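Numbering (the UniProt record's numbering), first residue to last: 1 to 287. Even glycine gets a Cβ: it sits at the ideal position worked out from N, Cα and C. None of the values given here were measured: they were computed from a predicted structure. Here is the structure we will look at.
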Amino acid sequence: MKNWNKKHISKAAWFPMAGKWLFLVIMIVFTLYPVIYTVLGSLKTNAELTQGGGFFPKEWHFENYYQAFIQADFTKYTFNSILVSVSVTLLAVVTCSLAGFILARREFAGKKVLLALYLSMMFVSLGSVTLYPIYELLRAFQLNKSILALIVALTGGQATNVFLVMGFTKGIPKELDEAAIIDGCSLYGVYSRVILPLSKPILAVVALFSFRNAWNDYITSLIMTISMPRLQTLTVAVVQLKYSVNAAAEWHIMLAGASIAIIPILIVYLFANRQFIAGLTAGAVKG
């Protein structure tokens, strides 16, 4: 009887575990399949790709990457993307850390209204509706003729990151702030000497999210640089690869460019993976 109970319990515990592993395998397949298809498609001819050939290329055409690199002028557009992404990341870390600190530690008139507006922006997707007003606002400040317009446009809309920092900051004991004030620190001294060093895990998450969004953005980058092709980012340039000088859709060249374009973000994830997991875990527990 005891042996039967043990076998029954072990089988009962095995089914949920098998279900979890099956779910994880399915999610991995759905996540990796587009990436693998893109890489393999970039090594095919355009005819083989558009006519629906096999999953693997019949012949491996590595020259597609050379054509993509030359046609897209990857050196220039990669520099633009790195400049925009790094600038947006730095600005997002500074602004989100300041906003999260103030919302977590200070009381002021209109705070609840401001928090309600932030929450509404998290659940209401305005999308491309705001692009024209943003462009007009930047043009009014005569910023639309430089890459600064794109950096400012992509830095906005950080409600989620602000709430991440705010939740993390609330988990830091206020006694540390009081001790710093007794020692003569001002409000910004508390922020820079106490809160900022302790918030490194969540700021790493904010930086990773901001870099990813800026690097992968297409619509905002296209609109803000539509009159200045020299300022286009790599994502916009990759889409332009689809069309050759003969006005024919060259999907294999575009996929080769896309494969090159995802390398930097994969490298960032590879090196920031540990900080990303630690930041999210800490933010979830403290928030």
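What span of residues does the alpha helix (DSSP H) with E178 cover, start to end? Taking the first residue of the sequence shown as position 1, residue 178 is located at position 178. Element bounds for E178: 174-182.
Say whether the segment 90-102 touches the segment 190-210, bearing in mind that this needs 3 or more beta-carbon pairs closer than 8 Å, one atom from each stretch. yes
Spatial neighbours of I172 in its chain, beta-carbon cut-off 6 Å, leaving aside the 5 residues before and after: Residue 172 sits at position 172 when you count from the first residue of the sequence shown. These residues qualify, in order along the chain: L198.
CA-CA distance, F30 and Y191? In the sequence shown, residue 30 corresponds to position 30, counting from 1. In the sequence shown, residue 191 corresponds to position 191, counting from 1. So the two alpha carbons sit approximately 42 Å from each other.
For Y77, the first and last residue of its enclosing alpha helix (DSSP H): Numbered from its first residue, the sequence shown carries residue 77 at position 77. First-last of the alpha helix (DSSP H) with Y77: 74-105.
E59, buried or exposed, once every other Cβ within 10 Å from all chains shown has been counted against 16: What you label residue 59 is simply residue 59 of the sequence shown in a count that begins at 1. Its Cβ having fewer than 16 others within 10 Å, E59 is exposed.
Cα-Cα separation between L203 and Y132, rounded to whole angstroms: Residue 203 sits at position 203 when you count from the first residue of the sequence shown. Residue 132 sits at position 132 when you count from the first residue of the sequence shown. Straight-line Cα distance between these residues: approximately 30 Å.
Where I82 and L266 are concerned, what is the direct C-alpha to C-alpha distance, given to the nearest angstrom? Stepping through the sequence shown from its first residue, residue 82 is reached at position 82. Stepping through the sequence shown from its first residue, residue 266 is reached at position 266. So the alpha carbons of these two residues sit roughly 14 Å apart.
Candidates F74, R105, L91, of which the one nearest G157 by Cα: For the purposes of this step, residue 157 is identified with residue 157 of the sequence shown, where counting begins at 1. The residue with the shortest Cα to Cα distance from G157 is L91.
Using three-state DSSP, classify G157 as helix, strand or coil. As a first step, residue 157 must be located in the sequence shown, where it is residue number 157. Coil at G157, not helix or strand.
Cβ of N64 within 7 Å of Cβ of I260? Start at 1 with the first residue of the sequence shown, and residue 64 comes out as number 64. Start at 1 with the first residue of the sequence shown, and residue 260 comes out as number 260. Their beta carbons are not under 7 Å apart, which means N64 does not touch I260 by this criterion.
Cβ pair L241, A68 closer than 7 Å: Residue numbering aside, residue 241 sits at position 241 when the sequence shown is read from its first letter. Residue numbering aside, residue 68 sits at position 68 when the sequence shown is read from its first letter. It is a contact, given that the beta carbons lie within the stated cut-off.
Cβ pair L255, G41 closer than 7 Å: Taking the first residue of the sequence shown as position 1, residue 255 is located at position 255. Taking the first residue of the sequence shown as position 1, residue 41 is located at position 41. Going by C-beta atoms, L255 is nearer than 7 Å to G41.
Do the CB positions of I151 and S87 come within less than 7 Å of each other? Translated into positions along the sequence shown, residue 151 becomes position 151. Translated into positions along the sequence shown, residue 87 becomes position 87. Yes, these two residues count as a Cβ contact at 7 Å.
If you drop the 5 nearest sequence neighbours on each side, which residues of the same chain put their C-beta closer than 6 Å to that of A258? As a working note, residue 258 is residue 258 in the sequence shown. Once the five neighbours on either side are set aside, the close Cβ partners of A258 are T38, V238.
Report the CB separation of L176 from V194 in whole angstroms; it is logged as a contact under 8 Å. By one-based count along the sequence shown, residue 176 stands at place 176. By one-based count along the sequence shown, residue 194 stands at place 194. Contact flag correct, Cβ pair sits at about 5 Å.
Between the alpha carbons of L164 and P16, how many angstroms are there, rounded? On the sequence shown, position 164 is the one that residue 164 refers to. On the sequence shown, position 16 is the one that residue 16 refers to. L164 and P16: Cα-Cα distance of roughly 32 Å.
Alpha carbon to alpha carbon, how far is A149 from M224? As a first step, residue 149 must be located in the sequence shown, where it is residue number 149. As a first step, residue 224 must be located in the sequence shown, where it is residue number 224. Cα to Cα, the separation comes out at about 7 Å.
State the Cα-Cα distance for the pair A18 and V25, rounded to the nearest angstrom. Residue numbering aside, residue 18 sits at position 18 when the sequence shown is read from its first letter. Residue numbering aside, residue 25 sits at position 25 when the sequence shown is read from its first letter. Roughly 10 Å separates the two Cα atoms.
Through-space distance from E136 to W21, alpha-carbon basis: Residue 21 sits at position 21 when you count from the first residue of the sequence shown. Residue 136 sits at position 136 when you count from the first residue of the sequence shown. One C-alpha to the other measures close to 50 Å.
What is the DSSP secondary structure of I226, counted as helix, strand or coil? Within the sequence shown, the letter at position 226 stands for residue 226. DSSP places I226 in coil when its eight states are reduced to three.
Own chain partners of L49 with C-beta closer than 7 Å, once the 5 adjacent residues on each side are dropped: Translated into positions along the sequence shown, residue 49 becomes position 49. These residues qualify, in order along the chain: G41, W251, H252.
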